[in-house]
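From first to last, the protein sequence lines stand for chains A and B. Numbering follows our numbering, with no gaps: position 17 of the first sequence is 142. Numbering follows our numbering, with no gaps: position 41 of the second sequence is 115. One structure below.
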Amino acid sequence: MDRDMQQASSPGPVASSVGTDAAQDFDIHVRGLRKVFRQKGSGAAVVAVERLDFAVRRGEVVAIVGKTGCGKSTFFNVLIGLEEPSEGRIEIGGRAPYGDFDFFRGRIGIIFQQDRLLPWRTLIENVTLGLEIIGMDPAAQRAEAERWLQRLGLEKFLRAFPNELSGGMRQRAALARAFAVNPEILLADEAFGHLDEVTAKQIRAQFFDMVRIERKTAILVTHQLEEAIDTADRLLVFGKPATLLADLRVKGLPPEELPGLRARIQSMIESNESAADG
Amino acid sequence: MADRGPVRESEAVAAVDVAHAGGWPKETIVALVAFAVLWYIASLLLPPFVAPSWARIGKSLADIASKPEFIAITVGRVGFALVVSFLLGLVAAMAMYRWSVFERYFMPLVKMLMAVPVLCWILFAVLWFKDRELRIAFILIVVCAPIFVIDVLDGMHAVSRELRDMVRALRPSARQFFTKLILPATVPSILTSWKVNLSLAIRVVTMAELVGATSGIGYALMQANETFAVADVFAWTVVLVFILMLAQAVVTWIERRLLVWRD
């Protein structure tokens with residue numbers, strides 16, 4: 126059976142976190158995680174993620190940094206439950222995102238590298254998509270989608286199709302789609318990297334404002350060190366293959382310490398890369 | 075005058091829209107008129123059994139218009155067979171998308187059906203079915219349904235991994251995944267398949283009606299041929315072409331409304 130359909134197999138209960146599970150522990154625990162792929166042509170094993178161990182507390186904003194191609198996105202797919210770990214496990218609130226796939230319906234909001242809006246849906250219909258899936262009443266869906274689009278400055282474009290909008294507007298709509306289901310956890314994979322610097326800065330600021338106002342747990346995967354240092358409470362530095370080189374708390378660090386930290390991380394990543402290439 | 079450029083652009087877009095909304099685009103009309111003129115010249119130079127004049131064809135068309143039931147019968151047969159073919163094709167494609175094992179076993183059969191010439195299907199239909207309507211429906215469905223299967227399945231497989239992952243990450247039920255992503259994404263392929271099959275069905279139904287039918291355009295064509303009524307043969311041909319162009323225009327009209335997001 127097609128894996129798409131296997132995972133999307135049972136309607137399950139309406140699992141929106143809207144007004145529910147307020148007291149539930151949604152800490153994220155990554156334990157001995159390993160992900161190995163088989164190359165289609167040669168059948169050779171490729172290690173993409175190598176024995177990751179870390180935890181993210183509820184309400185923390187964590188950035189995962191590492192060079193392009195180090196396995197961050199593979200880790201991201203395992204984290205959101207689209208890929209099965211080869212070894213070890215990920216638990217969110219004691220449940221596995223892959224094994225307990227349906228449990229996380231409406232509990233995880235995701236922002237991908239590109240906006241990934243459905244081209245045949247208007248902006249408001251794109252934002253209601255997640256709300257339709259969790260089974261919200263149609264009138265409430267519309268109100269909620271409008272509220273988020275308004276909050277992101279897109280109230281004049283509710284009925285516009287994605288191809289009528291700029292990349293920045295589309296990415297803001299993708300933010301609205303992720304926030305609208307009121308998830309416990311927000312995960313963003315290189316979500317602003319494809320935008321120009323000014324637009325990326327604006328949308329990133331909006332994203333982190335909303336994360337902090339709504340008191341969400343957020344994990345941001347990025348290859349941009351500046352972005353990570355500026356926005357996160359904590360940095361997880363990944364080597365290649367995705368393995369933890371350092372776990373650094375950056376929140377509250379005095380500004381004069383940031384250049385030194387930046388240089389340290391860069392040197393850490395570069396020496397890891399030289400070792401991997403060697 | 076500074077904003078004249080965008081205004082002119084929008085006027086140009088509006089003019090194109092009007093031309094499309096009113097029916098066929100200008101280029102189609104010019105091509106048809108050019109063909110009519112060439113045919114007129116040919117009718118002056120060649121004997122009537124090769125190229126009958128527009129006057130003769132017009133008279134035959136008037137006769138046809140006075141008793142349009144054969145047209146209605148053929149259009150009804152094509153419409154019924156295409157709807158059944160589409161439903162069968164859609165269900166088969168959905169099953170093949172959902173169960174890859176089914177796709178692996180069923181696809182070779184679909185390809186085999188597509189490789190059989192229409193003439194063979196006509197002969198099989200005469201051998202297998204006594205009822206004339208059943209024969210015609212069988213021939214049309216067995217020819218058109220495999221094309222719907224292939225086109226719809228290709229459309230489903232063509233949905234990008236990025237969009238599939240995005241929707242999967244929202245944790246839809248299997249039904250939601252299909253209705254909110256796969257089916258809407260497949261609409262362009264479905265409409266293209268309808269256009270291809272309309273053209274095919276019009277040609278195949280005429281052949282099917284030549285064998286054993288007692289009504290329909292194919293039957294009328296055979297009768298005209300047997301009585302050497304050459305102008306009638308051309309008139310029925312004109313009717314067939316007109317039906318096809320009208321049907322294509324209807325599909326194009328639907329396409330413009332359903333795929334407005336692509337413009």
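Don't be surprised by glycine CBs; every beta carbon is placed ideally from N, CA and C. None of these values were measured; they are calculated from a predicted model.
Query                                                                                                                                                                            : Result
Hey, glycine 196/A and tyrosine 223/A are a contact pair by Cβ (cut 8 Å); roughly how many whole angstroms apart?                                                                : Actually they are not in contact, since the Cβ atoms of glycine 196/A and tyrosine 223/A sit about 17 Å apart, beyond 8 Å.
Is the stretch 293-309 of chain B close to the stretch 126-145 of chain B, with three or more CB pairs under 8 Å?                                                                : yes
What whole-angstrom Cβ distance do alanine 301/A and leucine 277/A have, given they're in contact under 8 Å?                                                                     : 5 Å
So, using beta-carbon positions, are arginine 329/A and threonine 356/A closer together than 8 Å?                                                                                : yes
Quick check: the Cα distance between glycine 385/A and isoleucine 344/A, rounded to an integer number of angstroms?                                                              : 24 Å
Going by beta-carbon coordinates alone, are aspartate 239/B and serine 263/B separated by less than 8 Å?                                                                         : no
Taking 8 Å as the CB-CB limit, is leucine 237/B close to chain A?                                                                                                                : yes
Would you say aspartate 227/A reaches chain B, if we count a Cβ-Cβ gap shorter than 8 Å as a contact?                                                                            : yes
Would you say arginine 389/A faces chain B, with C-beta separation under 8 Å as the test?                                                                                        : no
So with Cβ pairs under 8 Å, would you call arginine 331/B a contact of chain A?                                                                                                  : no
On the DSSP bridge list, what partners appear for lysine 160/A?                                                                                                                  : Val174/A
Are the Cβ atoms of tryptophan 195/B and valine 217/B separated by less than 8 Å?                                                                                                : yes
CA-CA distance, phenylalanine 180/B and asparagine 288/A?                                                                                                                        : 37 Å
What are the boundary residues of the beta strand (DSSP E) that glycine 213/A is part of?                                                                                        : 212-217
When the distance is taken between beta carbons, is alanine 303/A closer than 8 Å to isoleucine 258/A?                                                                           : no
Out of Ala299/A, Pro366/A, Gln349/A and Glu271/A, point me to the one whose CA is closest to glutamine 331/A's CA.                                                               : Ala299/A
Verify whether the separation of the beta carbon atoms of leucine 312/A and phenylalanine 151/A is less than 8 Å.                                                                : no
Would you report the Cα separation of phenylalanine 179/A and glutamate 309/A, rounded to the nearest angstrom?                                                                  : 19 Å
How big is the Cα-Cα spacing for glycine 218/A and aspartate 262/A?                                                                                                              : 27 Å
Give me whichever residues DSSP pairs with valine 155/A in a beta bridge.                                                                                                        : Phe179/A and Ile215/A
Which one of Glu269/A, Glu339/A, Thr247/A and Thr193/A has the shortest CA to CA distance from methionine 294/A?                                                                 : Thr247/A
Within the same chain, show all residues whose beta-carbon is closer than 7 Å to that of serine 211/A, passing over the 5 residues directly before and after it, in chain order. : Arg159, Lys160 and Val161
Using the beta-carbon of each residue, which ones in chain A are nearer than 7 Å to proline 191/B?                                                                               : None at all; the shortest Cβ gap to chain A is about 34 Å.
Under 7 Å between beta-carbons, which chain B residues line up against phenylalanine 286/A? List them in chain order, please.                                                    : Trp335
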